[in-house]
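First the structure, in the form of structure tokens, and then the observations on it.
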Amino acid sequence: MTLTLLMGTIFLTQILLVVAMAFASFRVLRGPRAQDRVLGLDTLYVTATMLLLTFGIRNGSILYFEAALIIALLGFVSTAALAKFLMRGEVIE
């Protein structure tokens with residue numbers, strides 16, 4: 029009973045994360061300003077990380093957790109670089 033409830037909850041979470049990724053993709057493609065697009069991209073990588081974590085919990089594989097960690101690190105660096113570019117117009121000084 030508990031295992032069925034857990035798998036159902038994980039499945040529902042994955043569906044909601046895919047919906048959140050669709051909304052974030054819409055913001056990336058349709059955002060009126062560059063700041064909106066960066067915020068949508070930031071939300072997109074965070075929800076992708078959460079989706080990979082739920083896949084890892086569901087399958088019991090460590091590989092998904094490592095992939096989520098790599099996406100989180102690269103997403104953070106790219107968000108910081110884009111924010112610096114939008115503020116100053118250059119990334120490397």
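Numbering (the numbering used here), first residue to last: 29 to 121. Each residue gets a CB set at the ideal place from its N, CA and C atoms; glycine is no exception. If you're wondering where the values come from, they're calculated on a predicted model, not measured in any experiment.
Spatial distance of residue i from residue j (CA atoms)
| i | j | result |
| --- | --- | --- |
| residue 99 | residue 56 | 18 Å |
| residue 32 | residue 112 | 46 Å |
| residue 76 | residue 45 | 8 Å |
| residue 88 | residue 116 | 44 Å |
| residue 36 | residue 101 | 29 Å |
| residue 43 | residue 118 | 38 Å |
| residue 104 | residue 60 | 23 Å |
Cut-off 7 Å between Cβ atoms - residues of its own chain near residue i, not counting five sequence neighbours on either side
| i | result |
| --- | --- |
| residue 110 | 66 |
| residue 108 | none |
| residue 52 | 68, 71, 72, 75 |
For residue i, the nearest candidate out of the options (CA to CA)
| i | options | result |
| --- | --- | --- |
| residue 79 | 92, 108, 116 | 92 |
| residue 40 | 96, 58, 83 | 83 |
| residue 38 | 108, 106, 85 | 85 |
Cutoff 6 Å; reference residue i; Cβ partners in own chain excluding five residues on either side
| i | result |
| --- | --- |
| residue 69 | 56 |
Nonlocal neighbours in the same chain, by C-beta distance under 8 Å from residue i, ignoring five residues either side
| i | result |
| --- | --- |
| residue 81 | 92, 93, 96 |
| residue 114 | 62, 63, 66 |
| residue 49 | 72, 75, 76, 79 |
Residue interval of the alpha helix (DSSP H) (run including residue i)
| i | result |
| --- | --- |
| residue 13 | An answer regarding residue 13 cannot be provided, because it is not within the stretch 29 to 121 covered by the chain. |
*At what residue ranges does the region 84-121 contain a whole run of the beta strand (DSSP E), taking only runs of 3 or more?*
none
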